[in-house]
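Here's what the structure looks like:
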């Protein structure tokens, strides 16, 4: 282990270091400065494109070469650019390469240089030509801002979905702005545009003129502007050589640095710090790299021997040139504590102790004692583990982990999860940093990126075995890990398949994939469909367990019957509906019903679909029912007759009888005194006698025609008894009339009737006649609060009479 | 292994509520900024149960509207529609969108379907020409804890859709929700079931089992599931309910565990809405009681309450302070509830006892025992002649049919004629529906029956015919069942309603709910062995299987009984009683809480 602090440079209290990630293995020598360069963050791939616009003399017919490399400089692919003039090259968050052309077209290519799609920024850009473009990240999408040659700004926050929005023009902008930048805040994109000494903040529908607070010298021109990786900080380079650092809202200043260099830097980037301590800005000129802090004397200079390119990362800046790929970042606090010369931090002591122990020296014990005196052993172990995370040299990592493992032997009840986790993570990081893979992720970046996304990126690079190994190493759940990788592998296989493999492939895929949970054969089959391999897709779909995925694709493949069968098997009627509706449009009617007949479930659903029509065509339905259902047929016939009669009499009598039931019709007739007509209805419809009595009693009581009611009661013996008479009288409030019918009631109902009409005495008499205890109970329960003494006596007598027995 | 204590504790179902709420809020956040929320009127109680309006207001919901077909112009630029996936509702939404379009007003709209979006909804949106103007989301609000031990899906449409129209789309939802339940509270150690839909749900659950991860780390397996189809037992929901809660439901309609009392109960202008599942002790004690006990209980409660109030006399200052700070509020609260319950009791008495509930009960009891069918028929006829409410008449008619195993053709024709004359010919459709659902049947003359049996053995007669036949066969066996598993208690002495010894108390001691009795028997025998003939009488398709070793199963005392097609409060009361007396703990799951009017109205078609 060499001296770790050798490459550290102090800046105030902090240290910065430039760690070499790779010695670049570019296949050919070239000059970065006359290329358009794009490098994806999180150790992503690099793209270079010859910049023809800089060589005026080259004719327009020359096709520039585009090359894509891994971060270690291995060429992934290269091709000749055949489309229009490219003004900007960038990687999207999903690691797709975006070519922004001056006609407003944005072409998307994947990492292997194959074309994925085009989207356009609209007609205005097309006619006026785009001059400059900036990409920025907004949540999980990539946003694009374009300045046209007419100095208008167009912004979209999600390239693939949203249309480009016209931003207002800053006033008095006649020459191209000296610099501008884009960032995303509070759900909208903001542009910062500098026109000489004015600075404008552009929002949708709003322009504000702003002055950065706290600038010490007046500004004639802003030369460069740069937004930090997280979009929260802004750096401005002025013509006086000052770098102003502050928030993108331009309301707060963090600091200012004086470079005394009025030259515009080639590139200006933030060297962000994740933990939010003092930030720094990196400015690059042709032969010098300057790290500037927010105060005057905080600076580090690095000489540059060849043209370079800066790639901002969340925790530092990658410096890329023809020979090397370095990572410039602030040394994390825990590293400083452990490795700083003369450090007495527990971690540093533990590392020392472990070294001595390995050397077989008793000094190890002394160091250990010292740590334990400060009772900082647990802290020391933690410190060694965290520090290991930030070191790039495996030997250093090992030394630190060994120290941690040594220290934890002396701890009781120490939970080893952190240690184990770190060992795994470092193993992963080291594997990724290997130059064949070329993913120089830092620990912080990995935490931010998450392992699932990492697996996706590996899959995207077609490193399937490595991806699976990663999943296994980190014990990812099947669904997130292994099966997802396998699925992509299968898709890839399908896409690159040769014709003769068609027989073999489904089997091969199934062998490899098996019934692992969470495998989606549908995805694979969809890929096969896109490739036009129907047969293969159907076969693959057979392995798919989830019907809701299987069925739509089968329909796309025009395998209707199979789709219907699978839909029915799934038990999800919604799917069945879907197939039926589609099927109806495709097949002619006979075939359609013929197919349906084979599947009763489907037929049931189809019937339901028709139901609404059936009820509407009531008449047709009755014809249908006539065939097998006499009762219904007769009923409908009668209904027709009833309707006709109702209509006839409605007009004649001026009564609205339509759509009433027979019962209601007759009742209405009786109530309005049309007895004769009512009787005709009764005859015509052969109304049962009992119903007629019910109706008449109700109607007469309603009319208050008590005489007629009495006459009616005497016309013959009532088929419905006399209780209804009592009830009807009471309902219409004539207690007196009700009494007339009580004596006609059968004895068991008499008491109740008496009580209802208020004939307490009669009730008691009846009860005593009947000698019924139930009746007595009934009387007692309905006893009014005050009763005459005579009645009371009678009641007593009844009680005695019944009690005696 | 250690046996769990006899009364296994209930799982905490409020987690479900939290999940539903979080999901809804997530959906609402999809459109940031202020928005209006339009709600399917049928979903109002459900939403109330899951989250209060204040929570939604916090998530920038500006106003709430009932979605009733009236177009409301203006309002926020963003609208949410929360609806069931029903044709009529989607049409209303589409109309509203079109109205906006007509006055060329652009706004962002989202439709939230609960519990899932159906394909037909898309089709309707397409037909109405608004498919592109709106985006759809699904809110998987399936099982909602209505009480501590009752989970309901609140989909009353299930009954009609499945049992009448043979539409199986809800089965999918039921199976999904049960699987979700398993992933939260542990796998069912044992699954019993009876009925066609029960069987299908079980099959679907097995098919889904791979899709759900077990979130309980295998500590599950300590509860069982009992799936039961509503058409296995039509008798119970058709009976007049006489428990307090059953009557509350019949008279005031309990919606998603809360009930609204009008001025007749509260004695003031304002309507009062109370949540019955909120854990009020008094309600917990009376809800399952026979109605005749409730008054006595409430008055004694009132007395103790008075006594607690009176305690404050003769208190010194410090105690008084204590009293006011702690007890008084609680007493006030109790007082409020108590007066509401008493008010409700009065209204129930007025409405139910005024008529001839006694007569009605007598008729029903006669039906259970199978004595004096003639009188029942003439009673029904009288009801029809008196123009009693149609559901009431249909209820008695259906009850007669299911207990008797169909009516004699002549009787049936007469009653039908009466019915049509009284309530209009359009009820013909209703009658046909009842027949299709198996609630109303002809008594088949013997020889045709024999022929059908012959057909069946040949195995050619498929579809509706056998269905109707087997349905009939089952129904005609109510009497036999009643003897076999003792549904009608022997009536030699007065049934003690105060401290009942049998679950028949929920129907005044005249009848033990068939469904609950069957569950009791199956759990006792740990499966259907020994009950084959009972199952045969119930139309078969019974099943039971366990997912873990048997010793584990016998100790599972927590049972989820899931009614497909709805269950009544009487059944819940009976199951609670059964749990107390046999040492089980029942959780009732259902597609909706139902009673006889709702059950029959679902089948009415006019």
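Protein chains in written order, with the numbering used here: chain A, 103 to 907; chain B, 112 to 717. Note that the Cβ used here is the ideal one computed from N, Cα and C, for glycine as well. In this text, all values refer to a predicted model and were calculated from it rather than measured experimentally.
> Using CA coordinates, which residue listed in 689/A, 647/A and 638/A is at the minimum distance from residue 663/A?
Replying inline: Locating residue 663/A in the first chain gives position 561, counting from the first residue. Per the Cα distances, 689/A.
>> To the nearest angstrom, how far is the alpha carbon of residue 551/B from that of residue 761/A?
In response: Reading the second chain from its first residue, position 440 is the one you call residue 551/B. Reading the first chain from its first residue, position 659 is the one you call residue 761/A. Those two C-alpha atoms are separated by around 26 Å.
> Which residues, in order along the region 232-249 of chain B, keep a beta-carbon less than 8 Å from a beta-carbon of chain A?
Replying inline: 234
> Using CA coordinates, which residue listed in 670/A, 758/A and 364/A is at the minimum distance from residue 280/B?
Replying inline: Residue 280/B sits at position 169 when you count from the first residue of the second chain. Taking only the C-alpha atoms, the option nearest residue 280/B is 670/A.
>> Beta-carbon within less than 8 Å of residue 635/A's beta-carbon, same chain only, minus the 5 sequence neighbours each way: which residues are those?
In response: Walking along the first chain from the start, residue 635/A turns up at place 533. Only 596, 599 and 604 meet the Cβ criterion.
>> Against chain A, which members of the region 484-504 of chain B pass a CB distance test of less than 8 Å?
In response: 492, 493, 496, 497 and 498
> Per DSSP, residue 245/A is paired with what?
Replying inline: The sequence position of residue 245/A within the first chain is 143, counting from 1. According to DSSP, residue 245/A bridges with 238/A.
>> Using CA atoms only, rank isn't needed, just tell me which of 548/A, 510/A, 262/A and 583/A is closest to residue 527/A.
In response: Counted from its first residue, the first chain places residue 527/A at position 425. Out of 548/A, 510/A, 262/A and 583/A, 548/A has the C-alpha closest to the C-alpha of residue 527/A.
>> For the region 673-700 of chain A, list every residue whose C-beta sits within 7 Å of some C-beta in chain B, in sequence order.
In response: 673, 674, 675, 676, 679, 680 and 683
> Which same chain residues, not among the five before or five after residue 641/A, have their C-beta less than 6 Å away from its C-beta?
Replying inline: Stepping through the first chain from its first residue, residue 641/A is reached at position 539. Only 608 meet the Cβ criterion.
> Would residue 196/A pass as a contact of residue 170/A if the rule is Cβ separation under 7 Å?
Replying inline: Residue 196/A sits at position 94 when you count from the first residue of the first chain. Residue 170/A sits at position 68 when you count from the first residue of the first chain. No, these two residues do not count as a Cβ contact at 7 Å.
>> When you compare the region 432-447 of chain A with the region 117-134 of chain A, are there three or more beta-carbon pairs, one atom per stretch, that lie closer than 8 Å?
In response: yes
>> According to DSSP, is residue 407/B part of a helix, a strand, or is it coil?
In response: The residue labelled residue 407/B in the question sits at position 296 within the second chain. Residue 407/B: helix per DSSP, three-state reduction.
>> Alpha carbons only, please: which of 855/A, 584/A, 851/A and 449/A is nearest the one belonging to residue 837/A?
In response: As a working mapping, residue 837/A is identified with position 735 in the first chain. For the residues 855/A, 584/A, 851/A and 449/A, the minimum Cα distance to residue 837/A belongs to 855/A.
> When we look at the beta-carbon of residue 848/A and count the other beta-carbons within 10 Å, is it buried (16 or more) or exposed?
Replying inline: Reading the first chain from its first residue, position 746 is the one you call residue 848/A. Exposed, since its Cβ has fewer than 16 Cβ neighbours within 10 Å.
>> Is there a C-beta anywhere in chain A that falls below 7 Å from the one on residue 315/B?
In response: For the purposes of this step, residue 315/B is identified with residue 204 of the second chain, where counting begins at 1. It does: the Cβ of residue 315/B has a partner Cβ on chain A nearer than 7 Å.
> Going along the chain, which residues of its own chain have a beta-carbon closer than 8 Å to the beta-carbon of residue 250/A, five neighbours each way excluded?
Replying inline: Within the first chain, the letter at position 148 stands for residue 250/A. Contacts found: 226, 227, 230, 231, 232, 233 and 256.
> Which residues bound the alpha helix (DSSP H) around residue 868/A?
Replying inline: Here the question's residue 868/A lines up with position 766 in the first chain. Where residue 868/A is concerned, the enclosing alpha helix (DSSP H) stretches over 862-872.
>> Is residue 741/A close to chain B? Criterion is C-beta to C-beta, closer than 7 Å.
In response: Position 639 of the first chain holds residue 741/A. Yes, residue 741/A lies at the interface with chain B (some Cβ there is under 7 Å from its Cβ).
>> Let's test the definition: count the other Cβ atoms within 10 Å of the Cβ of residue 756/A and tell me whether it reaches 16, buried, or not, exposed.
In response: Walking along the first chain from the start, residue 756/A turns up at place 654. Burial call: exposed.
> Counting Cβ pairs closer than 8 Å, one from the region 482-496 of chain B and one from the region 527-542 of chain B, do we hit at least three?
Replying inline: yes
>> Suppose you measure from the CA of residue 551/A to the CA of residue 299/B; what does that come to, to the nearest Å?
In response: Stepping through the first chain from its first residue, residue 551/A is reached at position 449. Stepping through the second chain from its first residue, residue 299/B is reached at position 188. Their backbone Cα atoms lie some 39 Å apart in a straight line.
> Curious, which full-length alpha helix (DSSP H) runs of at least 4 residues does the region 330-393 of chain B contain?
Replying inline: 346-349, 355-363 and 374-377
> Should residue 574/B go down as buried or exposed, given a rule of 16 or more other Cβ atoms within 10 Å for buried?
Replying inline: Reading the second chain from its first residue, position 463 is the one you call residue 574/B. Caution applies to residue 574/B, whose pLDDT of 48 falls short of 50 and renders its modelled position unreliable; the value that the coordinates give is listed next. Exposed, by the Cβ-count rule.
>> Rounded to whole angstroms, what is the Cα-Cα separation between residue 713/A and residue 541/B?
In response: The count along the first chain starts at 1 and reaches residue 713/A at position 611. The count along the second chain starts at 1 and reaches residue 541/B at position 430. With a pLDDT of 42 at residue 713/A, under the threshold of 50, the predicted position of this residue should be treated as unreliable, and no value is reported.
> Cβ atoms of residue 532/A and residue 487/A: under 7 Å apart, would you say?
Replying inline: The residue given as residue 487/A occupies position 385 in the first chain. The residue given as residue 532/A occupies position 430 in the first chain. No. Outside cutoff.
> What is the rounded straight-line gap between the Cα of residue 414/B and the Cα of residue 475/B?
Replying inline: As a position in the second chain, residue 414/B is number 303, starting the count at 1. As a position in the second chain, residue 475/B is number 364, starting the count at 1. Whole-angstrom Cα-Cα distance: 36 Å.
>> DSSP three-state label for residue 655/B, please.
In response: Sequence index remark: in the second chain, residue 655/B carries index 544 (1-based). Three-state DSSP puts residue 655/B in a strand.
> Given that a residue counts as buried once 16 or more other Cβ atoms are within 10 Å of its Cβ, and exposed if not, what is residue 582/B?
Replying inline: Looking up residue 582/B in the second chain gives position 471. Low per-residue confidence applies at residue 582/B: pLDDT is 47, beneath 50, and the placement is therefore not dependable, though the value from the model is reported in the following sentence. Buried, by the Cβ-count rule.
> At a CB-CB cut-off below 7 Å, which residues of chain B make contact with residue 584/A?
Replying inline: To locate residue 584/A, count along the first chain from 1; it is residue 482. Within chain B, no residue comes near residue 584/A; the closest Cβ sits about 15 Å away, beyond 7 Å.
> Near residue 409/A, which residues of its chain fall below 6 Å by C-beta distance, leaving aside the five closest residues on each side in sequence?
Replying inline: What you label residue 409/A is simply residue 307 of the first chain in a count that begins at 1. Same-chain partners within the cutoff: 134 and 135.
> For residue 722/B, which three-state DSSP category applies?
Replying inline: Lying outside 112 to 717, the shown extent of chain B, residue 722/B is not represented and no answer is given.
>> I want to verify the contact list: residues of chain B whose CB lies under 8 Å from the CB of residue 289/A, in sequence order.
In response: Counting from 1 along the first chain, the entry for residue 289/A is found at position 187. Going along chain B in sequence order, the residues near residue 289/A (Cβ under 8 Å) are 143.
>> Taking the alpha carbon of residue 295/B as the reference point, which residue from 122/B, 264/B and 640/B has its own alpha carbon closest?
In response: In the second chain, the residue the question calls residue 295/B occupies position 184. Closest by alpha carbon: 122/B.
>> Using beta carbons (cut-off 7 Å, strictly below), is residue 366/A in contact with chain E?
In response: Here the protein chains are A and B, and chain E is not one of them.
>> If you reduce the DSSP assignment to three classes, tell me which class residue 300/A lands in.
In response: Counted from its first residue, the first chain places residue 300/A at position 198. Residue 300/A falls in the strand class under three-state DSSP.
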